[in-house]
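Beneath this line is the structure, given in structure tokens, with notes to follow.
The structure is reproduced here in structure tokens:
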């Protein structure tokens, strides 16, 4: 399986004569949601799915599974995060009620810092098209030419994604391995995933379309050590990614910065899981979670809530993911 | 009642000799949540309240009740919102899988632009203290001296507020008045609120502690006309605010920029409802909603979901409020 | 002349078979400064030119010819400018000397807001290359492929431009026309320029290589009315631009937002003077000046000082241009 | 002398009964420039001073003595600097001339990052006033109450400072000590300064009012090692600062982040030289220079040029300082 995937990728990148156009290509139009769809696998979240997920709430207990945003948290590459308080206070009115008020000012790659949710416009591929041109192609065949602007994406912006209220499943790999965290660079295998599910009393057939699959690697324990956190995290590879696709998940998530193993064991590939999930299948991805409390409580199944902020044209979203039981 | 409130405010601002200190003053420590509490009325959202709210979901239908964030939307005062796409694409890797990836860069008063949720550190008052000093005092008696820093609030930051998953009640005032929108500067009366509830088949006794009370004025129809939208919106005044306090609401919200009538009919007061709710009682406030679809569906009661993003030290939060039935 | 220019442009854009490559094309390599040069016409500012310019200072009088930067000033397109004061004060140290200190926080298109100096990486053209590809080509043949990154230009960044200490010449067109300002959309003719010089007791032969030529249209009187300021300013067109090139000016400048007439009388051209000067000839351009005081004093010749801030990879620079006599 | 200074500071901070008011206090009104002045020692730069300085240019040679601004450069405290290129290109017009154009987007503490010039509003002191209140007091007695706003300083903003075109003097302390750089934490003594001047063939009497005095410690060699650069730099202390005041310098500068020794040998004082120079005397300060080339050329005296960008309400300015001979 894995070889086939890599072959497809190489085939595409080698620019052999394929008939792909904006209208049709190897991963577009999307077979499930059709040409023009921009919501990706968030489409799985139908009223029935919401009802199923809400039905999991038995105790009313809310778990915070995202991180707090603050300067000094791990950032990828050259990204920035700064929060300033203007004025202190920002306003003071000379009225009888002597009101004072505060703002905050933030700058940074707001959808791609801290706990971050990758939208459908985040990841694409340079593809040789039938007309000889090379184009950046994204989910459902949208091209850079259609999407790019200086002031946000014209297509596949995060505002197209539905709110993520769905059934969440924790897949506790560190627990399965009986380790505080998986080792650096470890690629989680499908056997690991199946073993972890079995340990939790679940099997593959318990997973249902639209579920949010959250992988616990134990990596969040290094959150306060950015250099370590950012280096060579364990994670899933293409084998598990393809299994995720087959499960028809709406999204994945994990307690490291990219969900997938970094770097990929195949040195010719950069972030191929992102392409497999987001680009080819519109399966979304939330990163930099903390899943420790869920694991301690053996909370394997829950109502998952994440509401991507509709910053028009953004590639992703910050937010506050919750697991509720 | 109204007079008494105004008197209190004037009394405080006149600096008469009161015994107020950091430990005790007219609105602190908070009688419900105790000294030191920073979560305010989000504390109403207990497991039981979550269960009650989740139990309202019968159809799995999700209503989007927030606005999309984009340059050109109405902004208060001198606030800023800009979103940039660096690079287009931001990254391109020369690997076999030829991946490209995008970020977005945002700057602005992120918790106080667009659909915005006012946290407990947003609003305070200059108060003459027993030691003769004048201090900025906020919810539960926290002072500017404790809170202010250049890089975010040290106390009462939005990260202290619990996720808002609670029972939501729409109070459709425009519908009650049979108008597309209430007139500019109109102060909603308690009689209006009671009339609107009655029209919806509800009475005061149907409201329960921890509910989110959302006022529909019809003002969101001017969202695309920032100058009009920002000028003199209708809204509740101190009379209704005190009734909200008595209802033990966790939060309020509305389809204009401040929920309260602007300007206040009493020209000596600036944003007194903000003080009454947020500062004195920790009752939170979400602004710039759009409640049209809820009203059309007569969706008066629902699961309300808003998850304030935990930007450490922020005064508020952007987000994506939902009503679910 | 004009026709020829337009023809060249159309020819290029039509993509006829030209031999242009990265190494050679219609405007590259630059005949004066050679392949690889990134400093453009700032190269004219040799030690001798500095001595010539400094020699013009007889009275030691400094004229401020730039605008102050502040929120609310005219901005082009969707640009942003915001300045915040964090903290107030930002820092306070509990030492015996009880020091307090302030910062400011700025965000915006820093080299392209307010008084702005266009660097060599600001303006280019889509060109059909000999290999069939279409590339963005800039001054001296540098291509987008070489220059673009998400975090600043890799080539032709403003840091490559030499400090502008040179002889400045004011060309007072509004004065020549005896108007407070030239009319909107007026294209300054070469005859106008010659007339204005003659009125000032200068002729074309008094201009020397490396001079900074500043055009006064009188348009800065609308600086405080952004909508008017931004609409259809008078300015030079291609006729005068070509004359500027022949004069071997190091730079131009003016008291409107683009120096050139807007829009161009030929509706098929957008900002062609920018291409003629910056892209083809590396002649730099400072915009949004105020030249009123110079005109009042009949200060036609002076030491011009502008020191582009070396923000690495920036397309332009803010700053404080001076005329000194 | 030193003791006296420290005493004054302690006296002030102890809050003993002094008659200081907004109108008069220990360092205000400024005896040289009078009440209300906001330009500080830039007032020394009169037409005569400009003529004197310009007269130093004999060869037309320009030395760059500032650093390039880029992400990763040393930053003080929690400051931020980021530059983004939106779009790549930002604009592309579908006109016959197929123009493309670029912007850059910057965010950060723009006047207090990289090569930075401290304006008169940067540094103050908490002072006990005659009325019992404690106020932040700045140059010429301006108080925080007058100055602070969320959107820039209302008084003493950088826009009040005159362009710095003056006589510059390099005081090469590393050269005098025959070291590549002075040791960490070394406080330069007055004897050192006099020795350095003597080595350069200069004496105290060669210094004149309005000169810019630039101290070379050799510290810029650590510019590319931010952790080292930011830790315990050598620099002048109060002894030399008082001598600078007596020299009536318009400004100082150096090749480290604060010009003064860090930390001060007296642990009860934080940045006292900043107070002595900027706050008490309006003597400005440019930091993070690179003076190596000047030293190599024994360029001790020159035309110094620095034009603070007039960001309204800013505490300082970035820029491109030059030495010209």
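Residue numbers (my numbering), protein chains in the order written: chain L, 3 to 327; chain B, 3 to 327; chain Z, 3 to 327; chain H, 3 to 327.
Note that beta-carbon positions come from the ideal geometry of N, C-alpha and C, so glycine has one too.
Neighbour flag for residue i against chain B, beta carbons, 8 Å
i, result
"residue 222 of chain H", "no"
"residue 86 of chain H", "yes"
"residue 153 of chain Z", "yes"
"residue 80 of chain Z", "yes"
"residue 1 of chain L", "Residue 1 of chain L cannot be examined here, being either before or after the span of chain L that is shown, 3 to 327."
"residue 12 of chain H", "The predicted position of residue 12 of chain H is uncertain, since its pLDDT is 44 and thus under 50; no value can be drawn from it."
Whole-angstrom C-beta distance between residue j and residue i, which should lie under 8 Å
i, j, result
"residue 273 of chain Z", "residue 71 of chain H", "Contact flag wrong, Cβ pair sits at about 27 Å."
"residue 245 of chain H", "residue 192 of chain H", "5 Å"
"residue 290 of chain L", "residue 118 of chain L", "6 Å"
"residue 301 of chain H", "residue 65 of chain H", "7 Å"
"residue 328 of chain H", "residue 281 of chain H", "Residue 328 of chain H falls outside the range modelled here, since chain H spans only 3 to 327, and no answer is possible."
8 Å Cβ cutoff, residue i in contact with chain Z
i, result
"residue 89 of chain B", "yes"
"residue 92 of chain B", "yes"
"residue 61 of chain H", "yes"
"residue 188 of chain B", "no"
"residue 147 of chain L", "no"
"residue 138 of chain H", "yes"
C-beta atoms of residue i and residue j nearer than 8 Å
i, j, result
"residue 30 of chain L", "residue 123 of chain L", "no"
"residue 279 of chain Z", "residue 67 of chain Z", "no"
"residue 52 of chain B", "residue 326 of chain L", "yes"
"residue 230 of chain L", "residue 45 of chain L", "no"
"residue 251 of chain B", "residue 215 of chain B", "yes"
"residue 158 of chain B", "residue 212 of chain B", "no"
"residue 146 of chain B", "residue 318 of chain B", "no"
"residue 271 of chain Z", "residue 98 of chain H", "yes"
Cutoff 8 Å: residue i Cβ touching any chain L Cβ
i, result
"residue 24 of chain Z", "no"
"residue 73 of chain H", "yes"
"residue 314 of chain B", "yes"
"residue 150 of chain H", "yes"
"residue 238 of chain B", "no"
Contact with chain H by residue i, beta-carbon distance below 8 Å
i, result
"residue 218 of chain B", "no"
"residue 310 of chain Z", "yes"
"residue 64 of chain Z", "yes"
"residue 95 of chain Z", "yes"
"residue 9 of chain Z", "Interpretation of residue 9 of chain Z is limited by its pLDDT of 40, a score under 50 that renders its predicted location unreliable; the figure taken from the coordinates is listed afterwards. With 8 Å as the cut-off, residue 9 of chain Z does not count as an interface residue toward chain H."
Heavy atom of the ligand GTP within 7 Å of residue i beta-carbon
i, result
"residue 98 of chain L", "You won't find the ligand GTP in this model; it holds no ligand whatsoever."
Interface residues of chain D facing residue i [CB-CB closer than 7 Å]
i, result
"residue 49 of chain H", "The structure shown contains no chain D; the protein chains it does contain are L, B, Z and H."
If the cut-off is 7 Å on Cβ atoms, which residues from the segment 100-134 of chain Z count as contacting chain L, listed in chain order?
Of all residues in the segment 100-134 of chain Z, the ones placed with a Cβ closer than 7 Å to any Cβ belonging to chain L are 107 and 109, in chain order.
Counting beta carbon pairs with one atom in the segment 165-181 of chain H and one in the segment 293-307 of chain H, are three or more of them shorter than 8 Å?
Flag = yes, the segment 293-307 of chain H and the segment 165-181 of chain H touch.
Near-chain L residues of the segment 267-278 of chain B - C-beta to any C-beta below 9 Å
Listed by position, the residues of the segment 267-278 of chain B near chain L (Cβ gap below 9 Å) are 268, 269, 270, 271, 272, 273, 274, 276 and 277.
Does the contact criterion of 3 or more C-beta pairs under 8 Å hold for the segment 91-108 of chain H versus the segment 285-302 of chain Z?
Judged by Cβ distances under 8 Å, the segment 91-108 of chain H makes no contact with the segment 285-302 of chain Z, as fewer than three pairs qualify.
For the segment 234-242 of chain Z against the segment 177-189 of chain Z, do three or more pairs of beta-carbon atoms, one drawn from each stretch, fall closer than 8 Å, so that the two count as touching?
The segment 234-242 of chain Z, when compared against the segment 177-189 of chain Z, does touch it at the 8 Å Cβ threshold.
Within the chosen definition, does the segment 78-85 of chain H reach the segment 42-58 of chain Z through at least 3 CB pairs nearer than 8 Å?
The segment 78-85 of chain H is not in contact with the segment 42-58 of chain Z.
Are at least three pairs of beta-carbons, each pair with one atom in the segment 146-162 of chain B and one in the segment 91-106 of chain B, less than 8 Å apart?
Output reads no: the segment 91-106 of chain B does not touch the segment 146-162 of chain B.
Three Cβ pairs or more, each shorter than 8 Å: is that satisfied between the segment 220-234 of chain L and the segment 251-260 of chain L?
In short, these stretches touch, since the Cβ pair count reaches three.
At a Cβ cut of 9 Å, what residues of the segment 247-264 of chain B count as close to chain L, listed as they run along the chain?
Listed in sequence order: no entries.
For the segment 151-176 of chain Z, which residues have a CB atom closer than 8 Å to at least one CB atom of chain H, in sequence order?
Within the segment 151-176 of chain Z, the qualifying residues are 151, 152, 153, 154, 155, 161, 164, 165 and 167.
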